[in-house]
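The opening position of the sequence shown corresponds to residue 1 in UniProt numbering, with each subsequent residue numbered one higher.
From the three backbone atoms N, C-alpha and C, an ideal C-beta is built for every residue, glycine too.
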Amino acid sequence: MYRAILRLSQLMAWLGGAMLTALILLVCLSVVGRELNSILHGDVMSGLAPGLATWLLDLGVGPVNGDFELVEAGIAFSIFAFLPLCQITGGHAAVDVFTNYLPDPANRGLRLATDIVFAAVMVLIAWQLWLGLLSKLDAGQTTFLLEMPVWWAYALSLLGAVVAAVVACYIAAVRLRETLTGTTILPADLGAEH
1 MYRAILRLSQ LMAWLGGAML TALILLVCLS VVGRELNSIL HGDVMSGLAP
51 GLATWLLDLG VGPVNGDFEL VEAGIAFSIF AFLPLCQITG GHAAVDVFTN
101 YLPDPANRGL RLATDIVFAA VMVLIAWQLW LGLLSKLDAG QTTFLLEMPV
151 WWAYALSLLG AVVAAVVACY IAAVRLRETL TGTTILPADL GAEH
């Protein structure tokens, strides 16, 4: 079961990385287009090569239309896509100033409590995204510039949130078993280096 959950988490991280890479390229293209558009509208290009400036502007050189809308939709998916791998590998930041001095059973109990709370929060977020998706679908709401249905962004985010919730529930169940049996099934949280 662990391997399947880990592979699913890795797949989601790859998808999140691909989305993030696409968004970076989109933003770079839009910034370059916006700058070129400003230059082409400037006095220098109007004086030196007005025909070229007009031709390039007529081609549509400028910022990517709806870039902010696409970034808003894509970044939410990216965030949710990275959560499963972060949860299963214990990659969340940990502040262990006080917990280093606690006995092992207390740390197990604390780890269990945080994993249960995280799982509950992820389930709640996924549920709220589902309700939001249904609401946006019923309303037929679209974005302003691209007129893209808003529920598409909710659906992408919901996919990531559901996988994150499944992984979080799995980790919480494993931590419960570890706490009850006193065994170690998964490695201790790695946490972020600090």
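In this structure, the CA atom of A93 is about 23 Å from the CA atom of R177.
Contact between V174 and L186 holds, with the beta-carbon distance rounding to 5 Å and staying under 8 Å.
Burial state of S9 is buried, judged by a 10 Å Cβ sphere holding 16 or more other Cβ atoms. Note that the C-beta distance between L85 and A126 is not below 8 Å. Ranked by how close their Cα comes to the Cα of I88, the residues T181, T183, L180 and R3 have R3 in first place. For V32, the uninterrupted alpha helix (DSSP H) segment begins and ends at Y2 to H41. In this structure, the alpha-carbon of G182 lies about 12 Å from that of L112.
Rounded to whole angstroms, the gap between the alpha carbons of Y101 and R108 is 13 Å.
In the three-state scheme derived from DSSP, where H, G and I count as helix and E and B as strand, P50 is classed as helix. DSSP, reduced to helix, strand and coil, places P187 outside both helices and strands of the structure shown, so it counts as coil. Counting along the chain, the unbroken alpha helix (DSSP H) around Q87 starts and ends at D67 to I88. By the neighbour-count definition (other C-beta atoms within 10 Å, threshold 16), W151 is a buried residue. As a beta-bridge residue in DSSP terms, P149 pairs with T142. Excluding the 5 residues flanking it on each side, G140 has same chain C-beta neighbours closer than 8 Å at P149, in chain order. Its chain contains T143, F144, L145, L146 and M148 as the residues whose beta carbon lies nearer than 8 Å to that of E69, once the 5 sequence neighbours on both sides are disregarded; these appear in chain order. Per the Cβ contact rule, the stretch 37 to 57 is not in contact with the stretch 120 to 136 (fewer than 3 Cβ pairs under 8 Å). With a beta-carbon spacing of about 7 Å, A161 and M122 fall inside the 8 Å limit used to define contacts.
Across the set A153, I116 and D115, the C-alpha of A153 shows the shortest separation from the C-alpha of G132.
Between S38 and D67, the CB-CB gap reaches or exceeds 8 Å. Cβ contact annotation for G33 (same chain, cutoff 7 Å, sequence separation greater than five): V61, G62, P63 and V64, in chain order.
Nearest C-alpha to G74 among M1, M19 and M12: M19.
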